[in-house]
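Residue numbers (my numbering), protein chains in the order written: chain A, 33 to 742; chain B, 170 to 397.
Glycine included, every Cβ here is placed at the ideal spot set by N, Cα and C.
The structure appears below as structure tokens.
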Amino acid sequence: MSIPLGIRIAFAGGRESLARNALMATGVAVGVLLLLFTLTAMPVLQRHIDRLAWHRTTALSPPTAPDPALWLAITDRYAGRDVIRVHVAALGPRPPVPPGVDRLPGPGEVVVSPALAELMRAVPDDQLRDRFPGQVIGTIGPDGLIAPAELVGIVGRTPEELRDTDGAVEIRGIEQPGKRISLYGFYRFLISLVAVLIVGPVVVFVAMVTRVGAARRERRFSAIRLAGATRLQTAALAATETAAAAIAGTVLGWLGFLAARPAVASHVTLGHGIPIFVEDLTAPMRQLVLVLVAVPVLAVATTLVALHRVQLSPLGAGARARRRSPQDWRLVPLVAGIVGVWWSEKVQSDPGYVDSTLLRWVGNLSPLSILVGLALAGPLVCFWIGRVLARSSGRPTTLIAARRIAADPDTTSYAVSGVALAMFVATTLGLIAAAERRIGDDRRASLDRGVVAVHALGATEAALAPLMSSDAVVARSGPGQLVAVRCADLARVSNVTCPLPVSLDGPDPRPATELFVVPNLYGPAGFIEPGPKAASQPVQTVFVPTDGTRAAEERVRTLAAIAVPSARTETDRELRARTTEEFAWVDGVLPPAMAFVLLVAACSLTVATVSGLMERRRPFALLRASGVRLGELRRIMLLETGLPLVITALGGMATATLVTYMITPGEEWGLPDASFFAGLGLAMVAALAVSSLALPLMDVATRHDSARFE
Amino acid sequence: MSGDTRLLTGRGLHKSFGPTPALRGMDLGVDAGEVLAVMGPSGSGKSTLLHCLAGILTPDAGEVTFDGRRVDLMPDRERSRLRRSEFGFVFQFGQLVPELPVLENVALPLLLGGRGRRVAVAAAFEWLPRLGLDGLGHRLPGELSGGQGQRVAIARALIAGPRLVFADEPTGSLDSVAADDVMELLVTAAKAERVGVVVVTHEPRVAAYADRRVTVRDGRVVQPAAVP
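As structure tokens, then:
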């Protein structure tokens, strides 16, 4: 009986019922959509690692074929993009074969990715095509690519050619997918924290949506209780009503997720600058089912908790007890978290400190305590805002807003907590990134414009002859990872200052280090001036000046790839970008993550504003009927959301600044540039603007016919 | 009062809301088929008395007996059943479900009691003409006048065949003509169905419809009196 009656009650109230349920379903849909995309994060990374597996092939990779092969994989570049070039030579009829191809290309044969094939056709051969000697006999399928637009080519060589090539190794198998993402310590904690940060506001949002029309619902169910419904029947009615909208919203959200995947995938680049495969953006089945079940359950549970007071008495809202004011204990987790961060930093900054379990626990739990503390402190802060505003207000509209905030600080806090948390996270990450960049700036070296660094790693001078012009600067390998180079020559192609450091063991490595670093392969220990026998030492790096055009730079790269297949090259632009790339996660992850959290927060705020208006349309209509201007009613709504929003957001930013100040060494501490704060301000204004979309509703909701509604 | 026909009895009822006492040892009995008016000024405790007698509130002390059963000791489920099948309610406002049309509002006690929708609605349909609600079955409560809304509430209160109807200021929001109309219908229908009525009011003209009147003040019955 209860289920059909619940559905009947949910949808029988005409347009208002439909609007309320549509709002709830839409809100749940948005929540499900966001949650599902959040759940794709780890699978996307895992799939990425799986796709990358064959690029990690080494001599130690487990056997996958009866016969061995020679293998040389190089990460080359073209126009700032990675180009993976793999030289292979089969040492038998059944060699290991990478994914995405049917067989290993033979000598003189080349297979390339579709994107590389297209690029090869578009640019002159001496800038790219010549790096892949041989005839292109096919393309690499999706299984062999990390992204649809990846640039990768496999060059077939003779065993003799590769045996003499520096860096080539004999392999017995291709590295297989399956290596799990293993995040330890800080990173695991960071990921958990980010997950909580993203999922938290979504859960708050779903809970907020299910409270739409809560007061009317309470009255309705108290009337039904009066007519003889038991607690169980009332709960079943409420559950049915919410579940109907929540299930519809969940299905909508799922469909929306499926529909939005291509658009989202086209913007996910994982640091490579190229979008991932759409099929990689998949929520794991178990978690997908969990969300599809848990969201309606959460919605129903929230409704039942909200109805608790009605279940106590058929007099319902009329007998509702006055809410208890938030207590001061709500500040304890926040203060404890801040003290925990301060203590762990203080202990670790002591030169004689010893790591301990307690220290690790405090270090890990303190940030979480701060986050929980921010959420818990919200109602208390809103309560204070309401009281202070009430004492200082001279206008009735301000007084009404103040009393409303003070009377129900929980709801106000729920509405704005998403924005406050977003501001806390954004400020923390922004300040950490600013400190890191400050370190990076101090250590940055740069090549002069147009100079290409060719890291030849022990190649003979004869092999490098095509690159040797009179302007080229040659640095040679010295003993003990020292680089032998004339400082004056190096200064001719870069910004280094002489003399170069003999050793880099000191606390302040000189910028020249950067010019010789081959990521994951080589980093110099120091520099010596070339001696009389320097010419006989193997070449380390050749700096080749060009006219600075991309064509000239790519021609140098192509020459280097032909002369020394294992050579790595870097242009002045790429060297500069290397420092920037270290912070790409901040530039790449922060804006979309913040946009996501702010979007959710703005949605919560909007729902809360609309919900608050719908709940009080009758008193608002009566106020208007008795002569209060529409603008003044809108001012009440704006004050109720805007003031707590701004103050709690500023509180979040202040907390972030305090925490970051405590964990950042003094010399690295600094504020981000003005554009960062301008961005945060804009975000806050945007959140307010989104929520103010509800303001025009005030006119419709408070027309005189609303005064006798019900 | 005649003990043989006594349907509902409240003895020594005490009820406080925080530090504020609402009932201070109230005694009251209702006979089967009797129309009893409980009068008194605002804040005298008459609504609290009604809520305690109807099992909506549990008294802090004292006992409420309905047909030999202790209402104040009943679990919530049992009291819900009592409200659904033995009692009916007509309040000043807030008793109709705004989302349900008139027919379904009237049929609600039957639906909650497990009757099929078709049967319940058919029963509700029969009640509409008796209360002058012809043609209003598909309207929502928000589309009715105050008097019409109260007549719907009366129909709902009587549809399950209760033995007692509790009416708390049933005409409080109506003009005198509509108030007379509602009281006339309530008392006539109740008499026809042999249903007792406890009506709480501060209006003498409403109390005049009762067989018996009591006056309460400061949580006590101060004037039990038989209607002439």
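Beta-ladder partner(s) of residue i, from DSSP
i	result
Tyr110 of chain A	A:Arg113
Arg238 of chain B	B:Phe235
Glu202 of chain A	A:Leu102
His183 of chain B	B:Arg193 and B:Ala230
Tyr554 of chain A	A:Val550
Ala336 of chain B	B:Val259 and B:Val368
His299 of chain A	In the DSSP output, where bridge partners are listed per residue, His299 of chain A has none listed.
Backbone CA spacing between residue i and residue j [nearest angstrom]
i	j	result
Trp701 of chain A	Arg117 of chain A	42 Å
Phe548 of chain A	His87 of chain A	24 Å
Leu344 of chain A	Glu247 of chain B	Because the pLDDT at Leu344 of chain A is just 49, under 50, the model does not fix this residue reliably, and the point stays unresolved.
Arg400 of chain B	Ser49 of chain A	Given a span of 170 to 397 for chain B in the structure shown, any question on residue 400 of chain B remains unanswerable.
Ala259 of chain A	Arg250 of chain B	9 Å
Gly490 of chain A	Ala200 of chain A	14 Å
Leu151 of chain A	Val184 of chain A	11 Å
Ser808 of chain A	Leu355 of chain B	Since the displayed chain A opens at 33 and closes at 742, residue 808 of chain A lies outside it and no answer follows.
Ser145 of chain A	Gly580 of chain A	28 Å
Ala544 of chain A	Gly510 of chain A	16 Å
Trp416 of chain A	Arg293 of chain A	44 Å
Ile186 of chain A	Leu65 of chain A	40 Å
Ala530 of chain A	Arg605 of chain A	What sits at residue 530 of chain A in the sequence shown is Cys, not Ala. Those two C-alpha atoms are separated by around 23 Å.
Tyr216 of chain A	Met74 of chain A	Because the pLDDT at Tyr216 of chain A is just 48, under 50, the model does not fix this residue reliably, and the point stays unresolved.
Phe777 of chain A	Ala715 of chain A	An answer regarding residue 777 of chain A cannot be provided, because it is not within the stretch 33 to 742 covered by chain A.
Thr429 of chain A	Leu324 of chain A	43 Å
Pro373 of chain B	Arg252 of chain B	28 Å
Leu421 of chain A	Asp731 of chain A	26 Å
Val396 of chain B	Gly341 of chain B	Confidence at Val396 of chain B is low in this model, with a pLDDT of 38, below 50, so its placement is unreliable and no value can be given for it.
Thr601 of chain A	Asp108 of chain A	7 Å
Leu182 of chain B	Gly214 of chain B	11 Å
Status (buried if at least 16 other CB within 10 Å, exposed otherwise) for residue i
i	result
Val394 of chain A	buried
Asp196 of chain A	exposed
Phe164 of chain A	buried
Leu92 of chain A	exposed
Val346 of chain B	exposed
Thr217 of chain B	buried
Val629 of chain A	buried
Leu677 of chain A	buried
Unbroken alpha helix (DSSP H) run spanning residue i, endpoints
i	result
Phe548 of chain A	Thr545 to Phe548
Glu664 of chain A	Leu662 to Ile695
Arg286 of chain B	Arg286 to Arg299
Asp245 of chain B	Asp245 to Ser254
Ser509 of chain A	Run containing Ser509 of chain A: none in the alpha helix (DSSP H); it sits in the beta strand (DSSP E), Val505 to Ser509.
Thr197 of chain A	Taken as a continuous stretch (DSSP letters only), Thr197 of chain A belongs to no alpha helix (DSSP H), as it is neither H nor E.
Minimum Cβ-Cβ distance from residue i to chain B less than 8 Å
i	result
Ala261 of chain A	yes
Leu77 of chain A	no
Ala255 of chain A	yes
Ser643 of chain A	no
Tyr216 of chain A	Because Tyr216 of chain A sits at a pLDDT of 48, beneath the cut-off of 50, its placement in the model cannot be relied upon, and the following sentence gives the value as read from the coordinates. So, not an interface residue.
Gly37 of chain A	The displayed chain sequence assigns Leu, not Gly, to residue 37 of chain A. Closer than 8 Å to some Cβ of chain B, the Cβ of Leu37 of chain A qualifies, so yes.
Leu258 of chain A	yes
Ser49 of chain A	yes
Arg252 of chain A	yes
Ile41 of chain A	yes
8 Å Cβ cutoff, residue i in contact with chain A
i	result
Ala394 of chain B	Low local confidence applies: a pLDDT of 44 at Ala394 of chain B is under 50, so the model's placement there is unreliable, with the coordinate-based value given in what follows. No, because no Cβ of chain A sits closer than 8 Å to the Cβ of Ala394 of chain B.
Asp245 of chain B	yes
Leu280 of chain B	yes
Gly369 of chain B	Contrary to the premise, residue 369 of chain B reads as Val rather than Gly in this sequence. Taking Cβ atoms only, chain A never reaches closer than 8 Å to Val369 of chain B, which makes this a no.
Glu353 of chain B	no
Val334 of chain B	no
Phe258 of chain B	yes
Glu338 of chain B	no
Ser185 of chain B	no
Residue i, enclosing beta strand (DSSP E) - first and last residue
i	result
Phe575 of chain A	Val571 to Pro577
Met208 of chain B	Val204 to Met208
His80 of chain A	From DSSP, His80 of chain A is part of no beta strand (DSSP E) but of the alpha helix (DSSP H) over Ala73 to Leu84.
Residue i Cβ short of 7 Å to the ligand SAH heavy atom set
i	result
Ala276 of chain A	The ligand SAH is not part of this structure, which contains no ligands at all.
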